[in-house]
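Participant: Residue numbers (this note's numbering): 114 to 303. Every residue, glycine too, gets a C-beta built ideally from N, C-alpha and C. What you are looking at is a predicted structure, and each value in this text was computed from that prediction instead of being measured.
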């Protein structure tokens with residue numbers, strides 16, 4: 114057991130306690146909410162951006178925020194031109210994604226709250242909490258394997274480093290190798 118194992122144990126303990134406290138229903142709705150919000154936000158941000166652009170004068174609203182006055186009175190302002198339109202479009206796309214992401218998250222939080230209330234009143238509170246405990250451990254395991262997959266190519270560049278010794282000597286990471294189906298996918302994307 115090394116320093117990384119101790120850190121991972123603390124992270125697993127925290128997520129297990131949070132999972133037990135929240136319960137399975139709230140934890141599941143939270144995970145599904147994040148995944149759905151990411152999907153909906155990524156695929157519908159352009160539609161939302163076009164809607165906002167059609168109903169709000171975006172250029173005039175974002176120019177002061179992005180410091181793009183185009184006048185000579187403000188020497189620190191960005192120059193006018195095609196770069197401004199590109200910057201405004203990126204900002205509008207980010208704002209649209211954020212609005213959609215937060216709206217979907219709010220919807221899942223409200224639904225999770227009501228479904229969790231039904232579990233609480235039906236006498237299934239203890240099984241809900243135990244399954245929440247297990248879901249907390251499972252989701253943290255997946256995050257740890259994903260982060261390990263992303264870090265692995267960089268760690269290979271520095272053999273003998275503290276991080277490389279920690280990862281190679283970690284008992285917990287060795288036991289999580291069965292979840293390592295993520296690494297080939299992440300390495301292809303990098």
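Using the C-alpha atoms, what's the distance from residue 251 back to residue 238?
Facilitator: Within the chain shown, the letter at position 125 stands for residue 238. Within the chain shown, the letter at position 138 stands for residue 251. If you take the alpha carbons of residue 238 and residue 251, they lie about 20 angstroms apart.
Participant: Does DSSP put residue 237 in a helix, a strand or coil?
Facilitator: For the purposes of this step, residue 237 is identified with residue 124 of the chain shown, where counting begins at 1. If DSSP states are grouped into helix, strand and coil, residue 237 belongs with coil.
Participant: Please state the DSSP three-state secondary structure of residue 73.
Facilitator: Outside the modelled stretch of the chain, which goes from 114 to 303, sits residue 73, for which no answer is possible.
Participant: Quick one: what does DSSP say residue 146 is sitting in, helix, strand or coil?
Facilitator: Within the chain shown, the letter at position 33 stands for residue 146. Helix.
Participant: For the pair the region 205 to 215 and the region 149 to 156, tell me if three or more CB-CB distances fall below 8 angstroms.
Facilitator: With the cut-off at 8 angstroms, the region 205 to 215 and the region 149 to 156 touch.
Participant: So the alpha helix (DSSP H) residue 121 belongs to, where does it begin and stop?
Facilitator: Your numbering for residue 121 matches position 8 in the chain shown. Element bounds for residue 121: 116 to 135.
Participant: Counting only the same chain and skipping the five closest in sequence on each side, list residues whose C-beta sits under 7 angstroms from that of residue 257.
Facilitator: Residue mapping note: residue 257 aligns to position 144 of the chain shown, counting from 1. Taken in chain order, the residues that qualify are 121, 289.
Participant: Are the beta-carbon atoms of residue 241 and residue 136 separated by less than 9 angstroms?
Facilitator: Against the chain shown, residue 241 aligns to sequence position 128. Against the chain shown, residue 136 aligns to sequence position 23. Going by C-beta atoms, residue 241 is nearer than 9 angstroms to residue 136.
Participant: For residue 271, I'd like the list of residues in its chain whose CB is within less than 7 angstroms of its CB, leaving aside the five on either flank, ordered along the chain.
Facilitator: Taking the chain shown and counting its residues from 1, one reaches residue 271 at position 158. Once the five neighbours on either side are set aside, the close Cβ partners of residue 271 are 277.
Participant: Measure the Cβ-Cβ separation of residue 222 and residue 158 and say whether it is below 9 angstroms.
Facilitator: Taking the chain shown and counting its residues from 1, the one referred to as residue 222 is at position 109. Taking the chain shown and counting its residues from 1, the one referred to as residue 158 is at position 45. No; because the gap between Cβ atoms is not below 9 angstroms, this pair is not in contact.
Participant: Under a CB-based cut-off of 9 angstroms, is residue 131 close to chain B?
Facilitator: The structure shown has no chain B; it contains just one protein chain.
Participant: Which residue wins for smallest C-alpha separation from residue 170, given the options 233, 202, 145?
Facilitator: As a working note, residue 170 is residue 57 in the chain shown. The shortest Cα separation from residue 170 among 233, 202, 145 belongs to 202.
Participant: Taking the C-alpha atoms as reference points, what is the distance between residue 233 and residue 244?
Facilitator: On the chain shown, residue 233 is found 120 positions in, with the first residue counted as 1. On the chain shown, residue 244 is found 131 positions in, with the first residue counted as 1. Using only the alpha carbons, I get a separation of about 14 angstroms.
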